[in-house]
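Report on the structure given below.
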Amino acid sequence: MSTHLEAQWIVGFTDGEGCFNLDVHLHKDTKWGIQMQPEFTVVQGEVDVNILHALKNRFGCGTVAVNRKDQTSTRMMYRVKNIKDCHTIIVPFFEQHQLKTKKRVEFERFRTIVRLMHEGYHRQSLRHFLEILEKGEQLRVRQRPADLKKREKVTQKIAELRQKLEEDPTL
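Structure (structure tokens):
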């Protein structure tokens, strides 16, 4: 079944069901031991997975998969994590078709992060890397209990990086 989605419908749906986030997790093969990726997500129950596929088709990027973070029911997720796709597709769409709720502020923060990361700002220095992480913290509006242990480890690593920067401001 093909579902055509009008731009304003997508805006309203995203205002209610969408999320602009900075995914941050430990990754030993990265320069600072942390990987961060901006992501746009929309989650729905399995019965409405066709809407998520329609979003994927409309934007021409992203993936639809089981939302593994929700253990109580089968929830599906449309997600765009590729920095180029966020920069060239998702951000321009929501600049042209503006969100109407407080989600607009979330999007504006997300847009700043995407722009900075697309320009490689986070690779220039530890200070710049931490600046983007701090901007990402402004996007975190809710925490799931299952994520708390992972989050504690990331928080500890960020504290270590801040200490490292205090010891050597040239990083």
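Following full-length UniProt numbering, the numbering of the sequence shown begins with 1 at its first residue and continues without gaps.
Note that CB positions come from ideal geometry on N, CA and C, so glycine has one too.
The beta carbon of Lys-81 is closer than 6 Å to those of Gln-37 and Glu-39 in its chain, skipping five residues each way along the sequence.
Relative to the Cα of Ile-132, the nearest Cα in the group Val-24, Ile-10, Gln-98 and Glu-17 belongs to Val-24. Within its own chain, the residues whose Cβ lies closer than 6 Å to the Cβ of Asp-85, once the five positions on either side in sequence are excluded, are Cys-61, listed in chain order. Three or more Cβ pairs closer than 8 Å define a contact, and the stretch 24–35 falls short of that threshold against the stretch 103–115.
The beta carbon of Ile-89 sits closer than 6 Å to those of Phe-59 and Cys-61, all from its chain and outside the five residues before and after it, given in chain order. The beta carbon of Gly-45 is closer than 8 Å to those of Ser-73, Thr-74, Arg-75 and Met-76 in its chain, skipping five residues each way along the sequence.
Taking 7 Å as the cut-off, the beta carbon of Ala-7 is found closer than this to the beta carbon of His-97. Residues of the same chain with a CB within less than 7 Å of the CB of Arg-109, apart from the 5 flanking positions on each side, are Lys-135, Gln-138 and Leu-139 in chain order.
Boundaries of the alpha helix (DSSP H) harbouring Pro-92: 91–96, taken from the DSSP string.
Membership of Thr-63 in the beta strand (DSSP E) is indicated by the continuous run 63–66.
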